[in-house]
Every structure is written in C-alpha cells, then in structure tokens.
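Okay, so here's the structure we're looking at.
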Amino acid sequence: MSRVELHGIAKRFGDHAAVQDVNLVAEAGEFVALLGPSGCGKSTTLRLIAALEQPDAGRIVIGGVDVTHAPAAERGIAMVFQNYALFPHLTVAENIVFGLTVRRVDKAERARRLAHTAELLGLQALLDRKPSQLSGGQRQRVALGRAIVAQAPVCLMDEPLSNLDAQLRQQMRSEIRELQQRLGITMIYVTHDQTEAMTMADRVVLMRAGRIEQQGTPQDLYERPASTFVAGFIGAPAMNLFPSPKGDALWGVRPEQMRLLSALEGMPARVVAVEYLGAESLLICEAGSVRLVLRADGHQLPRKGDTVGLGWPDAALHPFDRDSGLRLTQP
Ligand code: ATP
103 MSRVELHGIA KRFGDHAAVQ DVNLVAEAGE FVALLGPSGC GKSTTLRLIA
153 ALEQPDAGRI VIGGVDVTHA PAAERGIAMV FQNYALFPHL TVAENIVFGL
203 TVRRVDKAER ARRLAHTAEL LGLQALLDRK PSQLSGGQRQ RVALGRAIVA
253 QAPVCLMDEP LSNLDAQLRQ QMRSEIRELQ QRLGITMIYV THDQTEAMTM
303 ADRVVLMRAG RIEQQGTPQD LYERPASTFV AGFIGAPAMN LFPSPKGDAL
353 WGVRPEQMRL LSALEGMPAR VVAVEYLGAE SLLICEAGSV RLVLRADGHQ
403 LPRKGDTVGL GWPDAALHPF DRDSGLRLTQ P
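Residues in the sequence shown are numbered from 103 upward in steps of one, following the numbering used here.
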C-alpha cells in the first residue's frame, strides 16, 4: 500500500504562506505531477511529503499510516533532486548503494540490487566511474538508480530533468515513465514544464500562489480549464483569451480551434506575423487591441498585413468570469 494523501496541508515561512489548504491524493502506482510557475509552492509540498519540512497544519498519510510527524526513514519514500546530489568522490556503484550501506543492508543483497538497478538503467559499463566522468544524462540515471535501489514504494522527484538538453529530456521523460509503470511506483513529480507534466502524469495538480488551482487528468485540464490561469498555463501556444462581444465575460479559444474565414465573415483581424513551423504555421493576428494566435496547416496561408475573418465552432468556446477568471458553466 503506497497511497499518498495530503489533508489540509499548510506551511508558512515567516509571514509568507508558501502552501495553503493543499488536499491531494496519489493512488498507489499513480504518477502525479505538481505543476506551476516558480514560487507557487510545488517544492515545499514535496519537501513536506519527504519530511524535509514540517507542516503548520494538516495531515500526511502514506499507505494508510499518519506520518505527519514521522521521520523520513519511516515514510517509505525515495527522492531525486534537481542537482542529483551525487557524491563526487564515490564511484557510480558506491553512489547507487550508498543508502543501503548506511542502512546496513547485507553485502550480497546490495550486490544483487545494484546489478538489477544497473541493468534496468543501462549503467553496467559505468559502475567504476566517478560522477565527473559522466554526461548529464548518465548522472541523472545514477540519481534515478539510487532511488530505485531503495525499493521504496513512493518516489518523489523535484525537477529531475531541468539540467538536461531538450533531446535528452524527451528521452528521459519516457524512460522515467516506463520505469515507474513497470515497477508500480507511486510517483510525485515536481515540474514547471507543462509538457513534462502533460506527457508523463496520470494526474496533474496545477498550483498557483500556494494553492491548488485545478487537479485532474491532462485531458481535464486541457479541455475544461477551471480558470483563465489554467487556460493560459496549459497548452502551447496558450489559449486565446479575449472579451466577449458584450464585454461581460472573457472568452477562450485554443489556437487549433480558430478557423480562418473570408475577410467579410467572423471577427475581423489583421495578420501581423506568420511563423512557419514545418508541419504547421502559426498566424499571429490582431483584432483591435487583442492578439490572437491561430494554428494552421496547409500552404494557402494569408500573408503578413492581410485582413482576415476569424471564427470557431461553438463547442470550442471556453467562457470565463471577467472579474474572477473562473470558468462559467457552459450552456
Ligand atoms: P520553483 O519552481 O522556483 O522551485 P516552487 O513552486 O517549487 O518554485 P517553493 O520552492 O515551494 O516554490 O517556494 C514557495 C514559496 O516559499 C516561495 O515564495 C519561496 O520563496 C518560499 N520559500 C521556500 N522555502 C523557503 C524557506 N526555507 N524560507 C523562506 N521562504 C521559503
């Protein structure tokens, strides 16, 4: 049993409320991404689960046991940090089994788990090297190995891929996800990168200013954002947001749902830029003071300076309250 539950968790640093009223559940074997902009409280939430911080209010339950005041060693968790935290003077093998040595796991068992972990991660040929003799991706794998070798049912990761280049990040994304599923680990993964959260997680928890703004499957957040904040954070390019014709609401339409009409139909706009991306192009348009982005395929595209009409299917419209930014129920 490795369900992780947070009930009404709060944490202050001096006057600053870093985390407020956070309620979330990661089911056993589930991959949950904590997503949000810098300073929104993601890392603090993770550190609270890891016993690196103590909450001011609320309860943390892991595997049905209240561990709010329990030390890290009693929580059944492994953690991977952004900077990997490898020991420079130890070899890869020594780094991986370090935690087991400290916990006095016997030598034969250590060797067995090391061999298994090295095989899982393709590290067999690197076991005698020092961290300084590894590439960024290899170091990342060693940090991952240290978490796997612990055989903890719950794994916490804080921006583990942020030091890697784009290509390696993409590769490691699928490796981590594949491993998490194969080993049945409950994963709580902090990132500010929506692509990472959307592609890896079963459930995304989007935070803003210490609170959970919305949580759900990636599809829930993309297709039914609860607020303009979620609408603007999830999706690239971001959802177009503009005042409704009567000015009493904010309307949102995704760039791929915007349709190009003739100049006499729909909302009149002027094309201010065309960005060619290969498989598609982005048309950047202006309608009065509003900037709208349209995702278009095909090659018969208007040119910079052209006047066009913009439209969208009714079902593609997301209405939001003008003042609170909260989603209005769709008719
Ligand atoms: P980032 O992506 O930049 O790491 P984050 O969402 O992980 O951001 P946290 O690190 O959880 O954010 O920080 C939340 C807020 O709490 C921030 O305003 C931060 O400055 C503050 N904070 C975090 N740790 C401490 C601390 N030890 N002392 C004082 N303030 C802190």
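All C-beta atoms, glycine included, are put in the ideal place defined by N, C-alpha and C. Being a predicted model, the structure only gives us computed values, none of them experimental.
Residues of the same chain with a CB within less than 6 Å of the CB of residue 257, apart from the 5 flanking positions on each side, are 180, 249, 287 and 289 in chain order. DSSP lists no beta-bridge partner residue for residue 324.
When the five nearest sequence neighbours on each side are left out, the beta carbons in the same chain lying within less than 8 Å of the beta carbon of residue 334 are those of 340, 341 and 343, in order along the chain.
Beta-bridge annotation (DSSP): residue 409 is paired with 372.
Counting of Cβ neighbours within 10 angstroms places residue 390 among the exposed residues, the total staying below 16. Put simply, the backbone Cα of residue 212 is about 16 Å away from that of residue 246.
Taking a C-beta distance under 8 Å as the contact criterion, residue 244 and residue 278 do not qualify as a contact pair. The DSSP-derived three-state label of residue 122 is strand.
When the Cα atoms are used, residue 366 and residue 299 turn out to be separated by approximately 41 Å.
Secondary structure of residue 250 (DSSP, three-state): helix. DSSP places residue 284 outside any beta strand (DSSP E); the residue lies instead in the alpha helix (DSSP H), whose first and last residues are 268-285.
Sixteen is the threshold: since fewer than 16 other Cβ atoms of the shown chains lie within 10 Å of the Cβ of residue 347, the residue is exposed. Closest in C-alpha terms to residue 108, from the list 140, 116, 139 and 153, comes 153. For residue 358, the secondary structure class from DSSP, reduced to helix, strand or coil, is coil. Judged by DSSP in its simplified three-state form, residue 220 adopts helix. Sorting 385, 415 and 417 by C-alpha distance to the C-alpha of residue 402 places 385 at the top. Ranked by Cα distance from residue 233, the first of 208, 262, 204 and 196 is 196. The beta carbons of residue 275 and residue 263 sit about 7 Å from each other, so the pair counts as a contact at 8 Å. Secondary structure note for residue 334: its alpha helix (DSSP H) is the uninterrupted segment 330-335.
For the 8 Å CB-CB criterion, residue 398 and residue 363 do not form a contact.
Residue 124 counts as buried, since at least 16 other C-beta atoms from the protein chains shown sit within 10 angstroms of its C-beta. DSSP, read as helix, strand or coil, puts residue 261 in coil. If the five residues before and after residue 113 are omitted, its C-beta is found closer than 7 Å to the C-beta atoms of 120, 121, 146, 150, 155, 157 and 158, all from its own chain and listed in chain order. At a Cβ-Cβ threshold of 8 Å, residue 373 and residue 136 do not count as neighbours. The closest heavy atom of the ligand ATP lies 7 Å or more from the beta carbon of residue 124.
Between the alpha carbons of residue 225 and residue 260 lies a distance of about 22 Å. When DSSP states are grouped into helix, strand and coil, residue 113 belongs to the strand group. Pairing residue 370 with residue 409 gives a Cβ-Cβ distance under 8 Å.
Taking a C-beta distance under 8 Å as the contact criterion, residue 305 and residue 142 do not qualify as a contact pair. Taking the Cβ atoms as the reference, residue 424 lies roughly 5 Å from residue 352, within the contact range of under 8 Å.
In the DSSP annotation of this structure, the continuous segment of the alpha helix (DSSP H) that includes residue 204 starts and ends at 194-204.
Every residue whose Cβ sits closer than 6 Å to any heavy atom of the ligand ATP is listed here in chain order: 115, 118, 120, 138, 140, 141, 142, 143, 144, 145, 146 and 294. With contacts defined by Cβ atoms closer than 8 Å, residue 266 and residue 242 form a contacting pair. Take the alpha-carbon of residue 239 and the one of residue 417: they are about 43 Å apart.
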